[in-house]
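**Q** Chains as they are written, first to last, in the numbering used here: chain A, 1186 to 1686; chain B, 1186 to 1686; chain C, 1186 to 1686; chain D, 1186 to 1686. Using N, Cα and C, we set each Cβ at its ideal position, and we do this for glycine too. Bear in mind that the values here come from a model prediction, so they are computed numbers and not experimental data. If you scroll down you'll find the structure; I have some questions about it.
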């Protein structure tokens, strides 16, 4: 509403009240102005009405929302379904232009602003989370793995001879595939066992660099966040090797933004050595739906080069999600989430410790891993082959998600490469184990339920050794659904009694 | 977004694009300004983005949405559920104040504006629909019947001796109850049969006025829209009687806004005689959810008196619904609906005529009823007692809603008054019949499906005279639902095949 | 999704996963079944997905949502605007039938269920809140005042001679008007001053009953929740009088559900004497938008009689709001709100006490009022005439809502009755004062901001005695809005600094 | 609601009504079952209530929506913002697994189903649109360009020697970049001028194949939809060359699904020769927001290989959009859109023809281009250098979007390659021209407004030759916004008058 509208309003209801309302509006506008001027995440989260006002204001700056627009192009932001238009707040044009995912669109000033502001906010949060000297970043609507691929593809143009990527082993398919998809040959560096921890074998890395020759190496591809007992790579030392041999360094920081330790490693690596880009998941760090990643780095122009490698316009959806989320939380809200995560990590750690001891198992000692924990499953493994995987099935059926059992000796071939001891990041880890993690947003109730159900499952596995085929993950026999339901019922009854007690 | 925000935006993306967006915004604002200044329904409907912007702008003028508000009263517009807040666009304070449902609320400038504008728009539409000299109106979140009660209660204060309300019979419970609830004694004037039509017995009305004495009569309570073969009351003549005897006149115009004939009657009545208020349903005339009515009249101060009789604040929900609806439609959209309704009336009339003749029945000749039609069920009635009600059940089960079968001789007692021939508006209508109406929003598909299903039901009723207990309305035996489902399946199969062919 | 759909789903993705999903669905269904079977508020609040599933399931049972429906009536639940349909979750048919607001609609099984369940839940909560022996209740989409009117109109039919309503004075317009609108003569019983408190003058009540004669009295109309220094009426004693003289008793319990004291009074009154109905606001007790009330009582058939007095169908919107709210909160959530309110009351009380003493004022001692507090404004009043109202204006401008200043000697005429000392519930309260209340949903931040701003305003009023015309409520001069804005800016700057510090 | 819930419902309201409601529900379920069983786009579009029921049912099968779930993994589908959760219908887990974007997720049966069904529906529509023998396809949440890159990256593993991609020139950056990003060298084949049309130079293609050697060629990368006067590539002949030389063939069918001609070309190409994959935009063909593409092909296993190249989980948002859209439209709705587009193409063509002749220009004769048209700007170009670009600016300012002016002699370097005559697909097109397209969803009003505004602009450009610097696209000088606004006002006034007349 503009000045004339308010004046008309004053004639309809009391001027004093309209003015009060008009003043109240200014406080919303004030927040919006600050955001646009500073480009920083507000300290206190915005309430929904400011947020929706802001999104609405941006959306009407896009040509598909112009009241008098006529479109004669091949892409005019027309939407067939009102449901779809609404769920996107009428942002239809996506982000970027054919040449550059960070570019401004003439047809869509609002979407362009949304994109710029989101990237600016995310940059602010990355600094706040510990990487103070980050120079630039952008949100890309692709998985972390595909985003790593984009980084590798960008480097290809700078290193025409390069064929190899040096990669300290981490048993997660998509980061391995990110190199394959980009067309490079991963050179796997096995980890070394230090106490319970699996750590980067720096000597092996350097030896391999010398063996292959720096020019033939596209980059070192290191990892921060990972499942225990692997711990974040020795980023400082790797960064120094990269600097010494003039090799690019790409860091897979998938869910590391939530951990000050991971972020500190990156900051330090960049300070003492070389890090070209670090890539992180949006969903895992910002509690948004799966679908986006952030590519960040210390050299503005290199990050721009990457953004120019994405051919075409892209979905604004992940950007919109993270924008809404950060504005709702504010930096204080995000910091609070980080703090709570850390506390939950301690709590989870203590609870697993207690439980494991009750079963003659132990919590692996992995002090360098700030997010993931592992508890041995030695006794299970000794007694019976399938017991470990059965435990996994049982937890799954009892609606424990994310717990991960790692049996010994599993072998897997990924894109033609064979990994022994797959899932454990090494060929022969001393024992089977179970992982649990304290990720952002975890609640005490999650921990308590997990411990309670794990306890029950462990008990069951030990006692009922005969009942082997119980609830397999992939059982495809055509069991009658009613019968199945009946069986599950008792399980679920427990489940909900847990949840509500 | 204010000037500073746009300036900041220009630094983030190209100034030319931001300005274009900024211009585009002005066209939305322009529409809002026009609305506030003129208080008229826009000719062309607004699109959703203008509408939501407008509602958003109003909502942030209410104190519950002030960013810095602190509330220490007993009613602060706090909302426990975000779902609830959102579905009301964060308008929480309702409309009106303790003294007057049209009054402005200091705490809620936005809701107050919403209320004023809605009433203004509705007034505009009433004029457009044919009552050009209407002086004032307001939306009240009560049923038409309860709104009539409020009118009667207001009149009581002006006519201390009054005990009776003169009421040309119409067999609809809530308008009868509206008088009972208000504490008056309805004096029922039976209708006279003219051809097939049931019309106002003017002589009986005047005789009754003289018999009871004008001072003892609160008002004449007449009706426009009604089920055929009753037709709208002779409003002009009644209005003249009211003027002559100085008796107030309240018109029940329940779903009459959609018919130019009904509206014309009111306009004429007011021109030649006396009409104090006419009351209409929101949902039946404006295609909004049930819940509101419009009280309108030709004397501004009397309408204000009524609005001051409502003790307390009231729901803004019906006002919001009709505001959204009228702004979406625009006056052109509303006119189009009126036009289509008229066309559907002709179409329905023709189709029923054809069908009825095929069954040796006939369409009753009721040219004064512009909305409702009736087709005789003579042949059914002769053959068998229950056949008429059975037809009703069958239509209900086949998802024909709103068709109304009127058997002969039904007797009903309402609030202690006994009506013979209830539903037919007279003690002894010559034959049983079936009603169907062409109401606003009806589609040709409705008519076609209705005719097809009616045809099938008529056939069935005649043939299978033995299958009597089939699908009663109120059958309460505990039939197994699966069995029931099976039986209905064939019916429904037909039903959907109809619908999709 | 039915069994066949799940089976088809199992062919598309792994059966084990689909079954897990299918099981998960059963837990939602389980909650819904419990609700329908028990009709009680669940202990733990439902999450949004269960809630929306439930509403969706209900909505598709209404004929306007039947896929094969054809409508030929005058009210078919057609909706012109998709926005409107969506915000009502596609419940369009409202609640009740022409004869009875609690009746079931054949066209709308879903809406009918919604209505029944809501009333059942609300009954459960009233019991939980302290009126254990309540027999029946229903939600009516009208203001508390209008709902009281409906009660009075119902009683009229039972007490043909009655002309008067005995009413211990409470200075709130709508409850006074509720009697006027119903057509009765309020007999005002002045309160007596006991200490600082204004309490029911029982002797005067009984004397008036004897003077007028019980048959001429429609009922006693008492009040629980009210602004200090008035306190809830002596309900037990009034109920005994009613029982003794065989007079109905209607209690205005506007915002009393939130207070165990008010509810206890009602419970006790009904136990020892007579209470026919008690009426409470939906919005004030359940944190929903303005628009509904609950009429409750101890005699099932009397409550049904009232529900049968409402002529016509009514808005389902308030019922839907309270249903969503109660299911979201669960009874535990509601109890928590009640507990927090009580705590905030103590906190507010202490803070006002401290502040008042710093200004040589005092907190009035009103131990019987569990919600509202009053602080004297003696010193202001002595010094200057307008100072008290100016304080009100200043608080309003500073976005303190709900604080209410009560100057001495204000006189007001309501519907022809003149009240001296209006707003103070008595002709001559000893001093001017300011009210603040601790209502459900109040936060500590509200209290703190209020105290801070009140402090600042008191300071300002005292110092700047010359600056008299500053920020009047109703100032209608055409001040330039920009100038106004400028002036308010400093005020608001403070305001937001408060809010964010 | 399950059987017990309905039974409970029957006890609350009439069993007959509940059963009717229950039956009605079955018709929604029936549609869902058909969809899951057949995997085809329903003929008639679903209404919103079926659609939302379906999405709701799917969503509660995902573990993040399990009522009793406890999550101890690093990715648990937690969402910080309720707004975000709601806009995604609570689908949080995205689509695919780390190894494969089409894989099923154990944690998210609902999202997995959504993904499968979407791909199945899209496949159905591709067949319906003309490529009857398509074998498989999947939606990928990436731009068309990036999706082409993914195809090229997949081919790399099959053709280790390949360095080149043969590419008949089309002047659109992202398809060029798609090859660069994948790390290949584009071999540009200039088009030949036939009449006004620019067509594939087949001889040059074959000569280049022979020159470079098939093994060194990754694929031929051809294009269907494009701006006139270029026309779709000669797909049949190219496919034959590919078959003969055993070279893969990837088709950029960006907005070709909407044109039966483009789809026919693909179908024919695959029949007579070789096409490995064809890639199309979601937004341009299905009226959804920017963000997704469809990769389709005739060999199931090759398409699966591509889907396995995407490393990581991906956004479900584009899939959800297209699912909602297709279910809303139904295949009949989509066919209707296709038909209307074709009609608009004729209309646009005629209108441009008329207008161009009035200005001594002509519509280029490009019968092979079914979507885009071009009108010469000869006379402008002769007179004045900047006139052509000025015309572009003027159209932009007047809210004509998508019109594209192509001046002579523009040179552009993209990723190190220099294109002469950029935008015109050839080094030296005979004249400057203006493009307009008839894309899906275009309305007659778009055409009429465009013609009106173009007429006005052409007039203005000719007359006011002095006013050169008027409204440049990228003018960055700090013009005062008010002044700017004032100037634009007249322009916009015209604009809205157009739009509403």
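1) Work out the CA separation of residue 1287 of chain C and residue 1210 of chain B for me, nearest whole Å.
2) Between the Cα of residue 1500 of chain B and the Cα atoms of C:1498, C:1474, C:1514, C:1496, which residue gives the shortest distance?
3) How would you call residue 1601 of chain D, buried or exposed, if buried means at least 16 neighbouring beta carbons within 10 angstroms?
4) Output yes or no for whether 9 Å exceeds the beta carbon distance between residue 1319 of chain A and residue 1441 of chain A.
5) Measuring only between beta-carbons, confirm whether residue 1235 of chain B sits less than 9 Å from chain A.
6) Are the C-beta atoms of residue 1277 of chain A and some chain D residue less than 9 Å apart?
7) For the structure I just gave you, are there three or more beta carbon pairs, one from the region 1430 to 1438 of chain A and one from the region 1447 to 1467 of chain A, closer than 8 Å?
8) For a contact defined as C-beta to C-beta under 8 Å, what are the partners of residue 1244 of chain D on chain C?
9) Hey, which unbroken runs of the alpha helix (DSSP H) at 4 residues or more fall wholly within the region 1599 to 1655 of chain A?
10) Please classify residue 1479 of chain D: does DSSP put it in a helix, a strand, or coil?
11) Indicate the three-state DSSP secondary structure (helix, strand or coil) for residue 1560 of chain C in the structure shown.
12) Is the region 1516 to 1524 of chain B in contact with the region 1214 to 1232 of chain B, if contact means three or more CB pairs nearer than 8 Å?
13) Among B:1647, B:1549, B:1648, which residue has its Cα nearest to the Cα of residue 1619 of chain B?
14) Quick one: is residue 1286 of chain B near chain A, going by C-beta distance under 9 Å?
15) Assign residue 1247 of chain D to one of three DSSP states: helix, strand, or coil.
16) What does residue 1267 of chain A touch in chain C if you count any residue whose Cβ is under 8 Å from its own?
17) On the DSSP bridge assignment, give the partners of residue 1352 of chain B in chain order.
18) Let me check one thing: in DSSP terms, what residues is residue 1256 of chain B bridge-paired to?
19) Residue 1363 of chain B versus chain C: which residues are under 8 Å apart at the beta carbon?
20) Output yes if chain D places a C-beta closer than 9 Å to the C-beta of residue 1186 of chain C; else output no.
21) Verify the CB distance criterion: does residue 1606 of chain A have a CB-CB separation below 9 Å to chain D?
22) Within 9 Å (strictly less), CB to CB, does residue 1584 of chain C reach chain A?
23) Would residue 1232 of chain C and residue 1240 of chain D be called neighbours here (beta carbons separated by less than 9 Å)?
24) On the DSSP bridge assignment, give the partners of residue 1406 of chain A in chain order.
25) Out of C:1249, C:1305, C:1292, C:1230, which one is the CA nearest neighbour of residue 1221 of chain C?
26) Please tell me whether residue 1205 of chain A has its Cβ less than 9 Å away from any Cβ of chain C.
27) So which residues of chain C does residue 1210 of chain D contact, with C-beta pairs closer than 8 Å?
28) Since residue 1193 of chain A meets chain B, which of its residues come closer than 8 Å, beta carbon to beta carbon?
**A** The relevant details are as follows:
1) Cα-Cα distance, rounded: 47 Å.
2) Nearest option by C-alpha distance: C:1474.
3) Counting Cβ neighbours within 10 Å, residue 1601 of chain D comes out exposed, since fewer than 16 surround it.
4) No; because the gap between Cβ atoms is not below 9 Å, this pair is not in contact.
5) Output row for residue 1235 of chain B: interface = yes.
6) Yes, contact with chain D.
7) Under the 8 Å Cβ criterion, the region 1430 to 1438 of chain A counts as touching the region 1447 to 1467 of chain A, having at least three qualifying pairs.
8) Simply 1234.
9) Taken in chain order, the complete alpha helix (DSSP H) segments of 4 residues or longer contained in the region 1599 to 1655 of chain A are 1629 to 1648.
10) In the structure shown, residue 1479 of chain D sits in a strand (DSSP, three-state: E or B).
11) Here residue 1560 of chain C sits in strand by DSSP.
12) Cβ pair count under 8 Å is three or more, so yes.
13) Of the listed residues, the one whose Cα sits closest to residue 1619 of chain B is B:1549.
14) No, residue 1286 of chain B does not count as interfacial toward chain A.
15) In this structure, residue 1247 of chain D counts as strand in the three-state DSSP scheme.
16) Chain order gives the chain C residues near residue 1267 of chain A as 1267, where near means a beta carbon separation below 8 Å.
17) In DSSP, residue 1352 of chain B forms a bridge with B:1373.
18) In DSSP, residue 1256 of chain B forms a bridge with C:1586.
19) Below the 8 Å Cβ cutoff, chain C contributes 1496, 1497 as neighbours of residue 1363 of chain B, in chain order.
20) Residue-level contact by beta carbon holds for residue 1186 of chain C and chain D, with a gap shorter than 9 Å.
21) Taking Cβ atoms only, chain D never reaches closer than 9 Å to residue 1606 of chain A, which makes this a no.
22) With 9 Å as the cut-off, residue 1584 of chain C counts as an interface residue toward chain A.
23) Not in contact: residue 1232 of chain C and residue 1240 of chain D (Cβ atoms no closer than 9 Å).
24) Residue 1406 of chain A pairs with A:1435.
25) Taking only the C-alpha atoms, the option nearest residue 1221 of chain C is C:1305.
26) At a cut-off of 9 Å between beta carbons, residue 1205 of chain A contacts chain C.
27) Those within 8 Å of residue 1210 of chain D in chain C are 1242, 1245, 1246.
28) Within chain B, the residues 1218, 1221, 1222 have their CB atoms less than 8 Å from the CB of residue 1193 of chain A, given in chain order.
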